[in-house]
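Take any residue in the sequence shown, note its place counting from 1, add 220, and you have its number in this note's numbering. Quick notes on the structure that follows.
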Amino acid sequence: MGEQRVSKLTDKKQMDKFVASLLKDVQALEYMLENDMFDKGITRIGAEQEMVLVDSKDYRAAPKAMEALDLLKDCEWCETEIAKFNLETNLQPRVLEGSCFSDLENENREKLVEIEKRIQDLGLNIVLTGILPTFVKSDLDIENLTPKKRYKALVEAINEQLNGRKYELRIKGIDELRIKHDSPLIEACNTSFQVHLQIEPDEFVKMYNIAQAITGPVLAIAANSPLVFGKKLWHESRIAMFQQSIDTRSSHNQIRDKSPRVSFGNDWLRNSIMEIYREDISRFRVLLSADIDEDSIDLLKNGKIPKLRALQVHNSTVYRWNRPCYGVSENGKPHLRIENRVFGAGPTIKDEMANAVFWIGLMLGMAEKYNDITEELSFEDVHDNFEKAARFGIDTTFSWIGDKKISATELILTELIPLSRKGLTSKGVDKKDIDTYLDIIEQRAKLHMNGARWILRSFMKLKGKASQDEVLSTITHCMVVNQETSKPLHEWDLPEISDLSSYNPRKLKVSGFMETDLFTVQEDDMIELVAEMMDWKKIRFTPVENKDGSLAGLVTSRQILRHFIRTNNSELKKYSCVKEIMIKDPITIGPSATIIDALKLMKKHKIGSVPVVDGKDLVGIITEQNFLNISTSLLERE
């Protein structure tokens with residue numbers, strides 16, 4: 221969990237003071253490394269669990285984290301995240317041995333059960349998922365920012381770095397997402413299960429490079445977030461969403477390399493962890509400040525170990541998928557960790573633990589087999605493997621050791637699971653734990669099924685049987701039910717619409733209900749073209765838009781009929797283009813209105829459609845057919 225005692229930089233004096241502390245921390249870290257002051261001879265593991273709060277009736281995001289935390293005041297392990305619909309728990313570090321993994325799973329389950337128990341009266345459920353299927357864009361409005369100093373400061377600081385007017389997301393998968401957003405809060409779409417592994421300082425370079433090398437395969441088998449706003453994107457869309465959500469860069473006329481704050485990295489680590497910290501300080505401006513109450517250099521001179529708070533604050537604003545971490549153990553000695561940030565939350569606690577066990581075992585097994593992984597793989601192939609795994613998940617073909625092209629499932633089954641098993645055995649992990657968790661990875665690979673595949677197959681099965689909103693609510697409901705049974709993902713059945721016992725669209729926003737795949741025309745288009753289009757696509761309403769995407773009018777099937785009646789009457793004036801027959805000032809509605817608002821508007825004005833506009837931009841349309849679809853579903857449920 222991030223350092224909370226931070227603030228936004230307000231003047232040069234504050235910046236200089238913080239940067240001076242930051243530079244001292246870098247010097248102190250280098251001194252501790254050179255003088256062999258770090259904890260050795262012991263390996264610890266740890267994890268952080270993020271989750272989404274949803275309404276227990278409609279399974280949409282519920283921004284009630286602060287109310288939930290009021291009921292969890294005595295639970296110090298539970299904290300806020302950046303959005304009001306997120307919570308995070310911190311799991312106790314454990315020595316890597318014996319039943320450490322099943323113990324960690326039990327602790328996680330106990331904490332989540334306690335949260336569920338306390339928030340019942342608020343009408344909430346917890347969902348463990350990489351990206352909540354029922355999210356709509358309005359959930360990410362700035363009003364849902366958690367009211368804490370750290371988050372407000374972070375958002376304001378990132379906004380000030382923005383080189384354009386808005387944040388832009390462009391992600392191409394099976395579908396394509398192209399949207400603009402006013403704030404970096406869209407980052408809150410992403411929920412993860414972050415895994416920590418303590419690393420010996422002398423082994424850090426070797427182990428960090430191994431972490432980079434195996435990121436692609438472990439991500440492929442664990443992918444769990446293929447849907448964003450009802451669009452089928454990457455199998456692990458979190459990767460693209462997170463990078464683009466806080467990307468403040470702009471384009472230039474000339475080619476210029478500029479790294480995003482969320483990245484995989486640009487090269488192998490060569491000599492020391494110091495390379496990462498120095499690069500991140502050199503590349504990325506300081507965003508946050510903190511009142512530093514320690515002088516790390518003076519503490520070292522007095523025989524004390526510093527917490528390096530300035531370095532940790534800056535490190536928390538640079539988001540590497542494999543992030544180096546510094547900490548002080550309970551014995552008072554400093555230690556180094558690698559934090560794996562690629563795993564999405566869920567699908568179940570047991571699945572999360574299987575991902576963690578597979579990764580940690582593979583780290584150890586690869587270290588035994590390969591002295592220097594950089595001699596076996598090029599960084600370009602490793603980076604490409606990561607990007608492909610995020611896009612295609614378990615369907616990925618990797619470039620692997622020995623210049624081999626190999627599928628994700630074959631690589632995992634024939635090479636990586638045996639290596640992971642060997643690494644875990646070398647640390648004295650109980651065979652029962654090893655078998656329990658690696659068997660889950662093995663079954664996923666054999667059945668070609670992970671979280672992303674289950675969600676995509678569920679979505680395609682249900683699509684067309686109900687409105688998209690109802691389909692997404694059904695999928696989310698089934699996720700909650702399955703998570704409570706603790707059955708691993710590969711044992712889940714695909715859902716049926718009837719699995720959702722009740723469906724109440726009353727609170728549904730227009731943005732989650734409207735049609736966005738629009739067929740539009742322009743003012744100078746021939747009326748005959750519009751008539752043919754409406755006949756081909758079986759639509760009764762066609763928006764008219766300007767070249768800039770603004771709504772200019774609306775053409776209805778009734779107007780087309782009148783035109784052709786007029787055409788057959790030689791005494792009446794004949795029209796030739798759209799602007800001569802269109803409704804020039806159609807009734808419109810905004811995307812944040814509810815569907816009840818839309819229904820009342822249509823009833824009041826006796827109209828069969830309402831274009832949806834955001835400012836001047838045409839973003840969708842609601843028609844009678846949308847309400848008919850929902851009514852049909854509700855009647856069938858009755």
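Beta carbons are placed, not taken as given, at the ideal position from N, Cα and C, and that holds for glycine.
{"Item": "Less than 8 Å between the beta carbons of Q432 and V562, yes or no?", "Value": "no"}
{"Item": "Spell out whether any CB of chain E is found under 8 Å from the CB atom of W756.", "Value": "Chain labels in this structure do not include chain E; a single protein chain is all it has."}
{"Item": "Determine the extent of the beta strand (DSSP E) in which D275 is found, giving its start and end residues.", "Value": "264 to 275"}
{"Item": "Tell me where the alpha helix (DSSP H) around A433 begins and ends.", "Value": "424 to 442"}
{"Item": "How close, in whole Å, do the beta carbons of A442 and N670 come, if the pair is a contact with beta carbons under 8 Å?", "Value": "6 Å"}
{"Item": "Expressed to the nearest angstrom, what Euclidean distance is found between the alpha-carbon atoms of D402 and D361?", "Value": "8 Å"}
{"Item": "How far does the beta strand (DSSP E) with F761 in it reach, from first residue to last?", "Value": "761 to 765"}
{"Item": "Count the other CB atoms, across all protein chains shown, that sit within 10 Å of the CB of D278; report buried if there are 16 or more and exposed otherwise.", "Value": "buried"}
{"Item": "Check whether the Cβ atoms of D653 and S276 sit closer than 8 Å, and answer yes or no.", "Value": "no"}
{"Item": "Quick check: the stretch 619 to 629 against the stretch 448 to 462, are there 3 or more CB pairs under 8 Å?", "Value": "no"}
{"Item": "Name the two residues that bound the continuous alpha helix (DSSP H) containing C924.", "Value": "The first residue shown for the chain is 221 and the last is 858, placing residue 924 beyond what the model contains."}
{"Item": "Mind reading off the beta-carbon distance from P806 to L781? Whole number of angstroms is fine, and I expect it under 8 Å.", "Value": "About 18 Å separates the two Cβ atoms, so there is no contact after all."}
{"Item": "Quick check on the DSSP output: what are the complete alpha helix (DSSP H) runs of length 4 or more inside the stretch 772 to 831, in order along the chain?", "Value": "777 to 787, 815 to 825"}
{"Item": "Along the chain, where does the alpha helix (DSSP H) containing P638 start, and where does it finish?", "Value": "637 to 646"}
{"Item": "Could you please give me the residues that DSSP links to A686 through a beta bridge?", "Value": "K683"}
{"Item": "Do you know how far the Cα of K826 is from the Cα of M746?", "Value": "27 Å"}
{"Item": "Report the rounded CA-to-CA distance for K331 versus C295, giving the unit in angstroms.", "Value": "9 Å"}
{"Item": "What's the C-alpha gap between R161 and F321?", "Value": "This structure cannot speak to residue 161, because the chain is shown only from 221 to 858."}
{"Item": "Verify whether the separation of the beta carbon atoms of L273 and L307 is less than 8 Å.", "Value": "yes"}
{"Item": "With a threshold of 8 Å, are at least 3 pairs of Cβ atoms found where one atom belongs to the stretch 604 to 612 and the other to the stretch 582 to 595?", "Value": "no"}
{"Item": "Using the C-alpha atoms, what's the distance from V333 back to S706?", "Value": "12 Å"}
{"Item": "Determine the burial state of E301: buried for a count of at least 16 other Cβ atoms within 10 Å of its Cβ, exposed for fewer.", "Value": "buried"}
{"Item": "Return the first residue and the last residue of the beta strand (DSSP E) that D837 is part of.", "Value": "837 to 843"}
{"Item": "With DSSP as the reference, label L667 as helix, strand or coil.", "Value": "helix"}
{"Item": "Would you give the residue range spanned by the beta strand (DSSP E) that T629 belongs to?", "Value": "No beta strand (DSSP E) holds T629; the alpha helix (DSSP H) holding it covers 628 to 631."}
{"Item": "Under 7 Å Cβ to Cβ from A665, same chain only, skipping five residues before and after it: list those, please.", "Value": "I441, T629, I632, L633"}
{"Item": "DSSP three-state label for N410, please.", "Value": "strand"}
{"Item": "Please list, in chain order, all residues of the same chain as T411 whose beta carbon is under 6 Å from its beta carbon, the five residues on each side excluded.", "Value": "E270, V272, A565"}
{"Item": "Alpha carbon to alpha carbon, how far is K553 from E514? Give it in angstroms, no decimals.", "Value": "17 Å"}
{"Item": "For M252, count neighbouring Cβ atoms within 10 angstroms of its own Cβ and tell me buried if that reaches 16, exposed if not.", "Value": "buried"}
{"Item": "So what does DSSP say about R490, is it helix, strand or coil?", "Value": "coil"}
{"Item": "Is the separation between the beta-carbon of R726 and that of I569 shorter than 8 Å?", "Value": "no"}
{"Item": "Cα separation between R264 and L316?", "Value": "5 Å"}
{"Item": "Check each candidate in D518, Y546, V482, L582 and name the one with the smallest Cα separation from R540.", "Value": "V482"}
{"Item": "Around the C-beta of W756, are 16 or more other C-beta atoms found within 10 angstroms, so that it is buried, or is it exposed?", "Value": "exposed"}
{"Item": "Under a Cβ-count criterion, where at least 16 other Cβ atoms within 10 Å of its own Cβ denotes burial, should A240 be classed as buried or exposed?", "Value": "exposed"}
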